[in-house]
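Each step along the sequence shown adds one to the number in my numbering, with nothing skipped, and position 105 is 198.
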Amino acid sequence: QVQWNTNSKKMKVMQWLRLEERYRHKIKNNDELADGYNYNYRLRYNYSMMFPLGRKPFQKKSLSGVINNEVHINFGKEVVYNTFDQNRFFAGFAWHFNENSNIQFGYMNVYQQLAAGNKYRMLHVPRVYYFHNIDLRKKV
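Set out below in structure tokens:
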């Protein structure tokens, strides 16, 4: 995973690019498993914006708004019908415990292509994430 941040007083932008290697159980039809596994790669690109909702932006015990979108793309020799895997859109809030950790909670919409390639599903789910950034840089 490669992650980069762009921060200002009025907004924090976080992006990441993640490469996954996946072994997935083969499927006979949309609801029955077959013998064996498929191997493929999945690339995920995430773009997240956080903006303050109070007078002390991004400080301890402050609230922020969060908008996030993540696209998942499959590729590899065995990927035929479902190059597009899914899109995850999130809108919610972040409560800051301190400058390095927050909990995010809100609504997530998941739009996902099923393995057959011609069927999709849309899910509306609550999401709760905890983020803790560890600063490993040497202090000067």
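Every residue, glycine too, gets a C-beta built ideally from N, C-alpha and C.
Just so we're clear, the structure is a prediction, and the values are computed from it rather than from any experiment.
Taking Cβ to Cβ, would you say residue i is nearer than 7 Å to residue j?
{"i": "L112", "j": "H118", "result": "no"}
{"i": "G199", "j": "F182", "result": "no"}
{"i": "E171", "j": "N139", "result": "no"}
{"i": "Q197", "j": "V159", "result": "yes"}
Ignore the nearest five residues each way along the sequence and tell me which others in residue i's own chain have a CB closer than 6 Å to its CB.
{"i": "G210", "result": "Y174 and N175"}
{"i": "S141", "result": "M107 and N161"}
{"i": "F224", "result": "N195"}
Under the DSSP definition of a beta bridge, which residues are partnered with residue i?
{"i": "R181", "result": "E163 and V203"}
{"i": "V239", "result": "It is not possible to answer for residue 239, since the shown part of the chain is limited to 94 through 233."}
Can you give me the Cβ contacts of residue i inside the same chain, cut-off strictly under 8 Å, excluding the 5 residues immediately before and after it?
{"i": "Y134", "result": "L112, E113, E114, R115, N167, F168 and G169"}
{"i": "H40", "result": "Within the shown structure, residues of the chain are numbered from 94 to 233, placing residue 40 beyond reach of any answer."}
With DSSP run on the structure shown, which of helix, strand or coil describes residue i?
{"i": "F190", "result": "strand"}
{"i": "S101", "result": "coil"}
{"i": "Q152", "result": "coil"}
{"i": "R214", "result": "strand"}
{"i": "Y174", "result": "coil"}
{"i": "N226", "result": "coil"}
So with Cβ pairs under 7 Å, would you call residue i a contact of chain B?
{"i": "A208", "result": "No chain B is part of this structure, which consists of one protein chain only."}
Go ahead and label residue i buried or exposed: buried means 16 or more other beta carbons lie within 10 angstroms of its beta carbon, across all protein chains shown.
{"i": "P219", "result": "exposed"}
{"i": "Q179", "result": "buried"}
{"i": "H217", "result": "exposed"}
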